[in-house]
Amino acid sequence: MHTGLPALLFSIAVIAALLLIAGAIRMYRSNERQKALLMIVAALVLLANVLIWTLPFPAV
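Taking our numbering, the leading residue of the sequence shown gets 1043, the next gets one more, and so forth.
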């Protein structure tokens, strides 16, 4: 379990990803489909990075 600064940074990253998705929805509705798709891809990459960093890895 992460505490302190790493937990704060992971929280900020997740909030940023949610804001990117919300912005992508608005872009999609205003016919900016390519930008919306790029924003969704960026959000997915950000969430994948948080997932990779927070998953426990097996002890060897």
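Positions of the beta carbon are idealized from the N, C-alpha and C atoms, including for glycine. Computed from a prediction, not measured in an experiment: that's the story for all the values here.
If contacts are defined as beta-carbon pairs under 8 Å, then residue i and residue j qualify, I think. What distance do you get, rounded to the angstrom?
| i | j | result |
| --- | --- | --- |
| residue 1066 | residue 1081 | 4 Å |
Grouping DSSP H, G and I as helix and E and B as strand, with all else coil, what is residue i?
| i | result |
| --- | --- |
| residue 1065 | helix |
| residue 1053 | helix |
| residue 1100 | coil |
| residue 1073 | coil |
Review point. Counting Cβ pairs closer than 8 Å, one from the region 1080-1099 and one from the region 1045-1063, do we hit at least three?
Key: Yes, the region 1080-1099 touches the region 1045-1063.
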